[in-house]
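Participant:
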Amino acid sequence: LDLSGFVHVLEINMQELWCDIEACATFETFTDEMLKVGLAPLVVPELRTITVGGAIVGIGVESSSFKHGFFHEGLLEADILLASGDVITVRPEGEHAELFRTIPNSLGSFGYL
Numbered sequence: 330l331d332l333s334g335f336v337h338v339l340e341i342n343m344q345e346l347w348c349d350i351e352a353c354a355t356f357e358t359f360t361d362e363m364l365k366v367g368l369a370p371l372v373v374p375e376l377r378t379i380t381v382g383g384a385i386v387g388i389g390v391e392s393s394s395f396k397h398g399f400f401h402e403g404l405l406e407a408d409i410l411l412a413s414g415d416v417i418t419v420r421p422e423g424e425h426a427e428l429f430r431t432i433p434n435s436l437g438s439f440g441y442l
């Protein structure tokens, strides 16, 4: 499965302060796009080539913020590709809330972001 093309920041919502990012986007790309609009990610790992998806499923290489916690704690929702081939959207509340809570430190064992 080639996910190498999923490297973009798709949207930055300035009013609600959220962004839509593809999981293979690096923090270098993410931070560059955020800085263009005068914002910054809540937490930035020390290695610029860490991917956003990797930071979510791998606890952000232990990078955290006193104010905001770990990187994954700012996650509002995620699209997950399951082994069945289905793509589902998981959120803290609703049908897939349990899967949402298992994403951090799962290292991708439940599906691809």
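Take 330 as the starting number for the sequence shown in the working numbering and just add one per residue.
Ideal Cβ positions, reconstructed from N, Cα and C, are used throughout, including at glycine.
#1: Buried or exposed: which applies to residue 407, given that a residue is buried once 16 or more other Cβ atoms fall within 10 Å of its Cβ?
#2: Could you compute how far the alpha carbon of residue 419 sits from the alpha carbon of residue 351?
#3: Please classify residue 442: is it buried, with 16 or more other beta-carbons within 10 angstroms of its beta-carbon, or exposed?
#4: Nearest-angstrom Cα distance between residue 387 and residue 330?
#5: Just the Cα atoms here: how many angstroms apart are residue 341 and residue 405?
#6: Are there 16 or more other CB atoms within 10 angstroms of the CB of residue 366, so buried, or fewer, so exposed?
#7: Between the beta-carbon of residue 417 and the beta-carbon of residue 425, is there less than 8 Å?
#8: Using 10 angstroms around the beta-carbon of residue 414, count the other beta-carbons present and answer buried if the total reaches 16, otherwise exposed.
#9: Could you tell me whether the Cβ atoms of residue 373 and residue 358 are closer together than 8 Å?
#10: Could you check if residue 421 is buried or exposed, using at least 16 other CB atoms within 10 Å of its CB as the buried criterion?
Facilitator: A quick look at the data gives this:
#1: Buried.
#2: Rounded to the nearest whole angstrom, the C-alpha separation of residue 419 and residue 351 is 15 Å.
#3: By the 10 Å Cβ count, residue 442 comes out buried.
#4: Cα to Cα, residue 387 sits roughly 20 Å from residue 330.
#5: Each residue's alpha carbon lies about 13 Å from the other.
#6: Classification for residue 366: exposed.
#7: A contact, by the Cβ cut-off of 8 Å.
#8: It counts as exposed.
#9: Cβ atoms of residue 373 and residue 358: not closer than 8 Å.
#10: Residue 421 comes out exposed.
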